[in-house]
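Enquirer:
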Amino acid sequence: MRLFGLKTWAAALEVVIGFNAVAALAATRTLHGSILYRERMALPPDARVEVQLLDVSRADAPSRTIAETRFRPRGQVPIPYSLRFDAAKLKPGHSYALRATISVGDRLWFTSTSRHAVEIGGPDRIDIPLQRVAGQAAARSTAGPVGRWLAEDIRGGGVMDYLQTVLVIAPNGKVGGSGGCNTMGGSATIRGDGIRFGQIASTMKACTPAAMNQERKFFDALKDVRSWRVDAPRQKLILSDGRGRPILVLARM
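In the numbering used here, the protein residues as written are 78 to 330.
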C-alpha cells in the first residue's frame with residue numbers, strides 16, 4: 078500500500094509539472110517579421126537593431142515598454158527579428174504597438190514613424206518599415222545648437238514613439254521643422270549658452286488629438302527655453318528654462 082501511494086503521488090506530480098509547463102508555453106507569444114527601409118545603403122558592421130513592444134494606451138503619458146530585443150543584424154535589409162514576451166501582459170482595453178530603430182554607435186540612423194499595432198489574438202507576423210533620420214557620415218562637428226534635432230522628451234513626459242517632432246536651427250538663427258503634425262518656422266537668438274526662440278508660426282493642419290497635444294506641448298516648451306547644452310558623446314541637445322531645468326531633450330539627426 079505504501080509503495081502504491083508513492084507511485085500515485087509521483088504520477089500526480091508529473092501531471093502537475095506537465096500542466097504547468099504547457100501553461101507556461103501557452104503564455105509565451107512570439108512576434109516576428111522583417112525590418113525594412115527604402116534607401117539603397119548598406120549598414121556598417123557596428124549597426125544595432127532595437128525592437129520594442131510598447132503600451133501606448135495613454136496619449137498624455139510616456140509609452141511603457143512591455144518587451145524589447147537588441148541585436149546586430151547578420152546581413153542587410155530585410156532584417157528578420159523575433160520578439161518573445163508573456164502574452165498575459167497584454168490587457169483588454171489597452172493599445173499596444175511595435176517600435177523599431179537602427180543605430181550606429183551613438184547615432185540614430187533609422188526609426189519607425191507609423192503605428193504598428195499589436196492586438197490580443199492578432200497576427201504575430203508584423204513587418205516594420207523604417208525611415209532614415211540620420212546620415213551615413215560618422216560624427217559631425219557640433220556647432221552649438223545648430224543642426225537638425227529629433228525630440229525625445231518634452232518636460233519629462235517623453236514623446237510618442239511613432240510621431241516625429243523635429244527642430245531645425247540654421248547657422249543664421251532661422252528655425253524650422255515640424256511639431257509632429259504641422260510644419261513650423263521662426264527664428265532664435267543665440268548668445269553664448271543662452272537661446273531664446275521668437276514667435277513660431279506653423280501651418281494649421283488638423284491631426285489626431287494625441288498628435289495635436291504633443292505639438293502644443295512642444296511649441297509651449299520652446300517659449301520657455303532660455304539656455305542650451307550639447308551632450309556631445311550622446312549627440313543630444315538639452316534645452317532648459319530660466320532656472321536651468323531641462324524641458325526639451327533632442328537627438329541629432
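Ideal Cβ placement from N, Cα and C applies to all residues, glycine included.
In three-state DSSP terms, what is R217?
Expert: As a working mapping, residue 217 is identified with position 140 in the sequence shown. At R217 the pLDDT is 42, less than 50, meaning the model places this residue with poor confidence; the figure from the coordinates comes in the next sentence. Three-state result, R217: coil.
Enquirer: In or out: E145 buried (at least 16 other Cβ within 10 Å) or exposed?
Expert: Counting from 1 along the sequence shown, the entry for residue 145 is found at position 68. E145 should be labelled exposed.
Enquirer: Roughly how many whole angstroms lie between the Cα atoms of F148 and E127?
Expert: In the sequence shown, residue 148 corresponds to position 71, counting from 1. In the sequence shown, residue 127 corresponds to position 50, counting from 1. Answer to the nearest angstrom: the Cα atoms are 7 angstroms apart.
Enquirer: Just curious, the alpha helix (DSSP H) that Q291 is in, first and last residue?
Expert: If you number the sequence shown from 1, residue 291 lands on position 214. Looking at the DSSP string, the run of the alpha helix (DSSP H) that includes Q291 is P286 to D301.
Enquirer: What separation, rounded to the nearest whole angstrom, lies between the Cα atoms of W226 and T105?
Expert: Working through the sequence shown from its first residue, we reach residue 226 at position 149. Working through the sequence shown from its first residue, we reach residue 105 at position 28. Roughly 38 angstroms separates the two Cα atoms.
Enquirer: Per DSSP, which one or two residues make a beta bridge with D163?
Expert: Translated into the one-based positions of the sequence shown, residue 163 becomes position 86. According to DSSP, D163 bridges with T105.
Enquirer: Output needed for D238: all residues of its chain with C-beta closer than 7 angstroms, excluding positions within five of it in sequence on either side, in chain order.
Expert: Within the sequence shown, the letter at position 161 stands for residue 238. Answer for D238: L131, S140 and R176, listed in chain order.
Enquirer: Kindly confirm or deny that the stretch 167-174 and the stretch 116-126 touch, where touching means at least three C-beta pairs closer than 8 angstroms.
Expert: No, the stretch 167-174 is not in contact with the stretch 116-126.
Enquirer: Please state the DSSP three-state secondary structure of D123.
Expert: Looking up residue 123 in the sequence shown gives position 46. In this structure, D123 counts as coil in the three-state DSSP scheme.
Enquirer: Taking a contact to mean a Cβ-Cβ separation below 8 angstroms, would you say P157 touches S189 in this structure?
Expert: For the purposes of this step, residue 157 is taken as residue 80 along the sequence shown, with counting starting at 1. For the purposes of this step, residue 189 is taken as residue 112 along the sequence shown, with counting starting at 1. Result no, Cβ atoms of P157 and S189 do not sit closer than 8 angstroms.
Enquirer: In this structure, how does DSSP classify K251 when only helix, strand and coil are distinguished?
Expert: Locating residue 251 in the sequence shown gives position 174, where the first residue counts as 1. Here K251 sits in strand by DSSP.
Enquirer: With a threshold of 6 angstroms on Cβ separation, who are the neighbours of G257 within its own chain once the five nearest residues in sequence on each side are excluded?
Expert: Stepping through the sequence shown from its first residue, residue 257 is reached at position 180. So the list reads L240, T242, A288, Q291 and E292, once near-sequence residues are dropped.
Enquirer: Whose C-beta lies closer than 6 angstroms to the C-beta of R315 among residues of the same chain, with five residues either side of it excluded?
Expert: As a first step, residue 315 is located in the sequence shown; it is residue number 238 there, counting from the start. Here residue 315 turns out to be Ile, not Arg, going by the sequence shown. Cβ neighbours of I315 beyond the five flanking positions: R306, P323 and V326.
Enquirer: Please report the distance separating the alpha-carbon of K282 from that of H109.
Expert: Stepping through the sequence shown from its first residue, residue 282 is reached at position 205. Stepping through the sequence shown from its first residue, residue 109 is reached at position 32. The straight-line gap from Cα to Cα measures roughly 35 angstroms.
Enquirer: With DSSP as the reference, please indicate the residues paired to T190 in a beta bridge.
Expert: In the sequence shown, the residue the question calls residue 190 occupies position 113. Partner(s): none; T190 has no beta bridge.
Enquirer: When DSSP builds the beta bridges, which residues end up paired with I179?
Expert: For this step, residue 179 is matched to residue 102 along the sequence shown. Note: I179 sits in a beta bridge opposite V126 and F187.
Enquirer: Taking a contact to mean a Cβ-Cβ separation below 8 angstroms, would you say A247 touches G262 in this structure?
Expert: Position 170 of the sequence shown, counted from the first residue, corresponds to residue 247. Position 185 of the sequence shown, counted from the first residue, corresponds to residue 262. No, these two residues do not count as a Cβ contact at 8 angstroms.
Enquirer: Only counting the same chain, and skipping five residues up and downstream in sequence, which positions put a Cβ closer than 7 angstroms to that of G182?
Expert: Numbered from 1 along the sequence shown, position 105 holds the residue referred to as residue 182. Excluding sequence neighbours, G182 sits near D123.
Enquirer: Within the continuous beta strand (DSSP E) that includes G262, where are the two ends?
Expert: Position 185 of the sequence shown, counting from 1, holds the residue named residue 262. Residues T260 to R268.
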